[in-house]
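J.: Have a look at this one before I ask anything.
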Amino acid sequence: MSRNWRLLDTGVRPAAENMALNRALLEARQAGESPPTLRFLQFYPAALIGYHQSAEQELDVDYCAAHGIAVQRRITGGGAIYMDEGQLGWELYLTRDELGTADMSAISRRICEAAAAGMRALGVDARYRPRNDIEVGGRKISGTGGAFDGDALMYQGTLLIEFDVERMLRVLRVPAEKLSDKAIASARERVVSLAELVEVVPSLEDIKRRLAEAFGRAFGVGFVASGLTASEQARFRQALAEMDHPDWVHLLRRPAAEQPLVEAAEKFPGGLVRASVLYDAVGDRLRQVWFTGDFFVRPRRAIMDLEAHLKDTPLEQLEERVTRFFEGRDVELLLLRPLDFCSVVRRAVGLAKAQATAGAG
34 MSRNWRLLDT GVRPAAENMA LNRALLEARQ AGESPPTLRF LQFYPAALIG
84 YHQSAEQELD VDYCAAHGIA VQRRITGGGA IYMDEGQLGW ELYLTRDELG
134 TADMSAISRR ICEAAAAGMR ALGVDARYRP RNDIEVGGRK ISGTGGAFDG
184 DALMYQGTLL IEFDVERMLR VLRVPAEKLS DKAIASARER VVSLAELVEV
234 VPSLEDIKRR LAEAFGRAFG VGFVASGLTA SEQARFRQAL AEMDHPDWVH
284 LLRRPAAEQP LVEAAEKFPG GLVRASVLYD AVGDRLRQVW FTGDFFVRPR
334 RAIMDLEAHL KDTPLEQLEE RVTRFFEGRD VELLLLRPLD FCSVVRRAVG
384 LAKAQATAGA G
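Numbering (our numbering), first residue to last: 34 to 394.
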């Protein structure tokens, strides 16, 4: 390998520092002040919201405060996530020239397939699942995403080494029934950690080494460990002064009332379907939908896939999106129709609108 990229390990840090480093490294890479970089990072317990989100609408902020969980805003979009020491974060800071393309689908595939290869070297059958997940046996072990700043890309991912599903659900603003033992067990069916898959969890250093080797093979480079440059340190200090402050965290502050969490249920020939809906009243949009009930669906993960498919769906597109979802998959519904899910969602939204009208009166 004739080319070397930097390997930067910033260890376990508070969320504000990790977010400030994101900005500093991306800005420095865009300005040509930094080398191509693979960064490893970890968090003290933190709830991270996307740049365009409001903490009050996405998180149980009271639970976070009571349990010492920091709340921070990312510099990129996307949804709210929970991070702690049981997850290893990895990031690539590259330019379009180094990537050879600006096509995010192609970039995601290349990077995720490399990360999956690194995980397979740890003894698990990790596979890339478009658009941006890595799974083992249909269960998510890594989520990823990227964002360009000019010609510079920051592509991020996490590896679940150990993961507390119940705490994640409590941090996020989810309906109460999703915190039941049955619902938590169901959520565990969708995600998996390295600790669940191997008899002995590899050391953190071995995990990092395997991932770095896989990225090196994918890009035809080697890695040399080094620290932050003087330029990056200056940018980091400047970013931290802004981001380690409530004004940054609450840059967007919208009341939970503008995004009510409502529930409705309907009995169909195929069983009872209950929909819990996080409804964006301002944008007339379904931010998140959860389905529970005594209906029969196979495979079981189809409902979780449907929930993910409906994230951020404009209400007017509900029927179209549900129909398209079931047309493109081999899903068995016993005496249940795809449009039954739409019916109960619209019933929940109707309750939200009625509550808003009553409150205004």
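Just so it is clear, CB atoms sit at the ideal spot from N, CA and C, and this is done for glycine as well.
Buried or exposed for T356, please, with buried defined as at least 16 other CB atoms from any protein chain shown within 10 angstroms of its CB.
T.: In the sequence shown, the residue the question calls residue 356 occupies position 323. Classification of T356: exposed, given that the 10 Å Cβ count is below 16.
J.: So does the region 366-379 actually touch the region 299-314, counting three or more Cβ pairs closer than 8 Å?
T.: The answer is yes - the region 299-314 touches the region 366-379, with three or more Cβ pairs under 8 Å.
J.: Note down the Cα distance separating A129 from R143, rounded to an integer number of angstroms.
T.: As a position in the sequence shown, residue 129 is number 96, starting the count at 1. As a position in the sequence shown, residue 143 is number 110, starting the count at 1. Note on residue identity: the sequence assigns Arg, not Ala, to residue 129. One C-alpha to the other measures close to 14 Å.
J.: Terminal residues of the continuous beta strand (DSSP E) containing N37?
T.: The residue you call residue 37 lines up with position 4 of the sequence shown. R36 to R46 is the extent of the beta strand (DSSP E) around N37.
J.: When burial is assigned at 16 or more other CB atoms within 10 Å of the CB, is V207 buried or exposed?
T.: Numbered from its first residue, the sequence shown carries residue 207 at position 174. V207 comes out buried.
J.: Let me confirm a value: D93 is counted as buried when at least 16 other C-beta atoms fall within 10 Å, else exposed. Which label applies?
T.: By 1-based counting over the sequence shown, the position of residue 93 is 60. With 16 or more other Cβ atoms within 10 Å, it is buried.
J.: Output yes or no for whether 8 Å exceeds the beta carbon distance between R370 and E60.
T.: In the sequence shown, the residue the question calls residue 370 occupies position 337. In the sequence shown, the residue the question calls residue 60 occupies position 27. Going by C-beta atoms, R370 is not nearer than 8 Å to E60.
J.: Let me make sure I understand the geometry here. Which of L339, L284 and L186 has the alpha-carbon closest to that of A20?
T.: Here the chain has residues from 34 to 394 only, and residue 20 is not among them.
J.: Whole angstroms are fine: how far does the CA of G176 sit from the CA of N165?
T.: As a first step, residue 165 is located in the sequence shown; it is residue number 132 there, counting from the start. As a first step, residue 176 is located in the sequence shown; it is residue number 143 there, counting from the start. The alpha-carbon atoms of N165 and G176 are separated by roughly 6 Å.
J.: Just how far apart, CA to CA, sit M34 and D184?
T.: If you number the sequence shown from 1, residue 34 lands on position 1. If you number the sequence shown from 1, residue 184 lands on position 151. Residue confidence for M34 is low, a pLDDT of 43 falling below 50, so the modelled location carries little weight; the figure read from the coordinates is stated next. M34 and D184: Cα-Cα distance of roughly 25 Å.
J.: Could you check what DSSP says for D239 in three-state terms: helix, strand or coil?
T.: Counting from 1 along the sequence shown, the entry for residue 239 is found at position 206. Note: D239 maps to helix in three-state DSSP.
J.: In chain order, what residues of the same chain lie with their CB nearer than 7 Å to the CB of I102, ignoring the 5 residues before and after it?
T.: The residue given as residue 102 occupies position 69 in the sequence shown. P78, A79, A80 and V204, listed in sequence order.
J.: Could you round the C-beta distance between Q86 and A113 to whole angstroms and report it? I think they count as a contact, below 8 Å.
T.: Taking the first residue of the sequence shown as position 1, residue 86 is located at position 53. Taking the first residue of the sequence shown as position 1, residue 113 is located at position 80. Sure, about 6 Å apart at Cβ, within 8 Å.
J.: Can you tell me whether DSSP reads R386 as helix, strand or coil?
T.: Numbered from 1 along the sequence shown, position 353 holds the residue referred to as residue 386. Per the sequence presented here, residue 386 reads as Lys, with Arg not at that position. Looking at K386 - three-state DSSP - the assignment turns out to be helix.
J.: Short check: CB of T109 to CB of Y84, under 8 Å?
T.: Residue 109 sits at position 76 when you count from the first residue of the sequence shown. Residue 84 sits at position 51 when you count from the first residue of the sequence shown. Yes, the Cβ-Cβ distance between T109 and Y84 is below 8 Å.
J.: In three-state DSSP terms, what is I114?
T.: On the sequence shown, position 81 is the one that residue 114 refers to. Of the three classes helix, strand and coil, the one that applies to I114 here is strand, per DSSP.
J.: Between the region 47-56 and the region 268-284, do at least 3 Cβ pairs fall closer than 8 Å?
T.: With the cut-off at 8 Å, the region 47-56 and the region 268-284 touch.
J.: Does the distance from the C-beta atom of Q189 to that of G171 stay below 8 Å?
T.: As a position in the sequence shown, residue 189 is number 156, starting the count at 1. As a position in the sequence shown, residue 171 is number 138, starting the count at 1. No, they are not a contact pair.
J.: I'd like the ranges of any alpha helix (DSSP H) spanning at least 4 consecutive residues and lying wholly in the region 258-337.
T.: Listed in chain order, the complete alpha helix (DSSP H) runs (minimum 4 residues) inside the region 258-337 are 263-276 and 279-282.
J.: Give the secondary structure of I102 by DSSP, where H, G and I count as helix, E and B as strand, and everything else as coil.
T.: Here residue 102 refers to the residue found at position 69 when the sequence shown is read from its first residue. If DSSP states are grouped into helix, strand and coil, I102 belongs with coil.
J.: Taking all protein chains shown into account, decide if L193 is buried (16 or more other Cβ within 10 angstroms of its Cβ) or exposed.
T.: The residue labelled residue 193 in the question sits at position 160 within the sequence shown. Buried, because 16 or more other Cβ atoms sit within 10 Å of the Cβ of L193.
J.: Using the beta-carbon count (16 or more within 10 Å), is D239 buried or exposed?
T.: If you number the sequence shown from 1, residue 239 lands on position 206. Its Cβ having fewer than 16 others within 10 Å, D239 is exposed.
J.: On the three-pair Cβ rule with 8 Å, is the region 230-250 touching the region 339-347?
T.: No: fewer than three Cβ pairs fall under 8 Å.
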